[in-house]
Every structure is written in C-alpha cells, then in structure tokens.
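One structure is given here, and the rest of the page talks about it.
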Amino acid sequence: MRKITIVFLIYLGTVCAAFSQSSRDFIGVGFGTGMTYGDNSVNPRQFQFKLQPSVTVQYAKQLDDYWDLRFHAGTQFLNSGEYYHISMPIVTEWGESGQAYFFRGNAYFLDVMPVYFINPNLSSVGETVNFYVGAGLGALYSDRSQRVLTESQFVNRVFVSGNVIRTKETLVTGYIPIKLGITTNFEYNWDLAVEFTMMTLFSSSLDGNNIKNKLFQPDAIFNGQIVLKRYLGRY
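Here the sequence shown stands for residues 782 to 1016, numbered as in the numbering used here.
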C-alpha cells in the first residue's frame, strides 16, 4: 500500500509539474490601432475611416487543453474623421433630428471571454504558433465631444450659414466582443500574439448619431493589437 501511495504521489507531482511548465495562464499588455464603426465615422462610398490608438491589459486562466477564460480591460481613442462637412445635405438632415456629424473622445471597456484554441499544444513538442477564437460579454463607458449643425441655410443649393452646437456627452452600454488571434509558442516565459477584435455595442449612440447610415444598426469598435504575454506559474 505504501509503494502504491508513493508511486501515485510521484505521478501526481509529475503531472502537476508538466502542467506548470505548459500552463497558458498569463498577464499581458496589448498595443495597436482601431476604428469606430458609426453612422458619422465611416464613409462607405470612399472606404474612409479614422484609425486611432488602442491599449488593453489582459489576464488568462487555462481551463483545459482547448479552453481559456480571458479578462480584458482597455481604452481606445475615438474620432469620426470629419468625413461629413457642414455643407453636405446629409449633415443638415442629421441636424434637424439633433444628430451629430462629428465627434471625438475615448472609450473604456471591460469584458470576459471564453477562448477556444484550434490547435493547442497536446504533447511535449508544441505547435510553432497557436490559433484561437473567442466571444464574450462586456461593458463600455465613453465620453465624447460632438458637433450638431442646426439652422442651416442654403441659397441655390449652396450652403451659406448654420449654427454648430458643441456639447460633451457620455454613454454607458454593453457589448459583445469577438476575437481572432494567433500566438507564438516559444516555450519560455514570454510570447507574442496578434489579435483582431470586434466589439458590437448594444447601442447606436457611441458617435452621437443613431440615424442609420451603415450596413447594420449597432455601432461597433474594431482593433488590431500586438500582445506581449508573461506566463504565470511556469519554470
């Protein structure tokens, strides 16, 4: 009985050591750029959109060979790009409904996400890179400065005057994040990943404009980032 107990403890220790060496638990920092998909922040006809900096901090907990649980917190700069000028008829239509034609600000977000690894490391010789996908649920707070055109006047279809109202607004809403990623597998304490994330908001007011001028109604935030990862519990 004693021999069986000793053998079992050795086996358990070996399994735990192997798991510690290959654990995917990590903390990370991501840097990149992204865009706002809003009614006044994209010009679909000319494929125009404004890229802005994006930063996240991440924590991941490995659940099994294929699944991780991720937590993300971050910020992204927002800017509509001024693709719609006050002399454009659509800006007048927006102004009559109190809708902004320009905005800029910041979004702050927090989410939790199960992540599935398509080709996890299932042996002592791991993959060179690992691919993964994920989807989750999050909350977002944004503050912005916006401009609304009112009392616009045209003479012979030429814009001659108008009143630009500048205000500061905030928004609190939920969102659904979807992530695609690829990570290196150096088999040391550090790795690099490239991630692409889409955050579909439960609101169409991130840009101060909820008159549909895009393919689908909700606003969204897109970003691509390079993530520096530091594993926890490896040795």
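C-beta: ideal position from N, C-alpha, C; glycine also.
Same chain, Cβ closer than 6 angstroms to Asp-853, neighbours up to 5 away in sequence not counted: In the sequence as presented, Asp is not what sits at residue 853; that position holds His. Scanning its chain for C-beta atoms nearer than 6 angstroms, with the 5 sequence neighbours on each side dropped, one finds around His-853 the residues Thr-837, Gln-839 and Asp-892, in chain order.
For Ser-984 and Glu-877, the rounded distance between their alpha carbons: Going by the C-alpha atoms only, they are around 21 angstroms apart.
Pro-870, enclosing alpha helix (DSSP H) - first and last residue: Element bounds for Pro-870: 870-877.
Contact between the stretch 818-825 and the stretch 849-869 (3+ Cβ pairs under 8 angstroms): A contact is defined here as three or more CB-CB pairs under 8 angstroms, and the stretch 818-825 meets this definition with respect to the stretch 849-869.
Cα-Cα separation, Thr-965 to Gln-1006: Straight-line Cα distance between these residues: approximately 14 angstroms.
Distance between Thr-909 and Pro-901 (C-alpha atoms, nearest Å): Within the model, the alpha-carbon separation for Pro-901 versus Thr-909 is close to 10 angstroms.
With 16 other Cβ atoms within 10 Å as the buried cut-off, status of Pro-895: Label assigned to Pro-895: exposed.
Where Asn-1004 falls, given that 16 or more other Cβ within 10 Å makes a residue buried: The C-beta of Asn-1004 has 16 or more other C-beta atoms within 10 Å across all chains shown, which makes the residue buried.
Other residues of its chain near Ile-880: CB distance less than 6 angstroms, five sequence neighbours each side excluded: Residue 880 is actually Gln in this sequence, not Ile. Answer for Gln-880: Asn-990 and Ile-992, listed in chain order.
Cβ neighbour criterion (16 or more within 10 Å) applied to Asn-944: By the Cβ neighbour-count rule, Asn-944 is exposed, with fewer than 16 other Cβ atoms within 10 Å of its own.
Simplified DSSP state of Tyr-913, which is helix, strand or coil: Here Tyr-913 sits in strand by DSSP.
Straight-line Cα distance separating Phe-884 from Lys-831: One C-alpha to the other measures close to 12 angstroms.
Exposure of Gln-921, with buried meaning 16 or more beta-carbon neighbours within 10 Å: Checking the sequence shown, residue 921 turns out to be Leu, not Gln. Counting the other Cβ atoms within 10 Å of the Cβ of Leu-921 gives 16 or more, which makes it buried.
Distance CB(Asn-887)-CB(Ser-923) smaller than 8 angstroms: In this structure, Asn-887 places its C-beta atom within 8 angstroms of the C-beta atom of Ser-923.
Straight-line Cα distance separating Val-872 from Val-939: In a straight line, the C-alpha of Val-939 is about 14 angstroms away from that of Val-872.
Per-residue burial, Glu-976 [other beta carbons within 10 Å of its own, 16 or more giving buried]: When all chains shown are included, Glu-976 counts as buried.
Rounded Cβ spacing between Leu-961 and Val-914 (contact assumed at less than 8 angstroms): Right, their Cβ atoms sit about 6 angstroms apart.
Nearest neighbour of Leu-996, chosen from Arg-826, Trp-875, Asn-911 and Leu-952 [CA to CA]: Cα-wise, what sits closest to Leu-996 is Arg-826.
Euclidean distance between Cα positions of Lys-1010 and Asp-806: About 9 angstroms.
Contacts around Pro-999, its chain only, beta-carbon distance under 6 angstroms, and the 5 residues preceding and following it disregarded: The answer, listed in chain order, is Thr-981, Leu-982 and Ser-985.
Cβ of Thr-954 within 8 angstroms of any chain C Cβ: Of the protein chains in this structure there is only one, and it is not chain C.
Residue span of the beta strand (DSSP E) that contains Ile-867, given as start and end: First-last for Ile-867: undefined, no H or E at that position.
Continuous beta strand (DSSP E) stretch holding Pro-895: start and end: Where Pro-895 is concerned, the enclosing beta strand (DSSP E) stretches over 883-898.
Alpha-carbon to alpha-carbon, Ser-933 and Pro-947: The question names Pro, but residue 947 is Arg in the sequence shown. Across the structure, Arg-947 and Ser-933 are spaced so that their CA atoms are roughly 15 angstroms apart.
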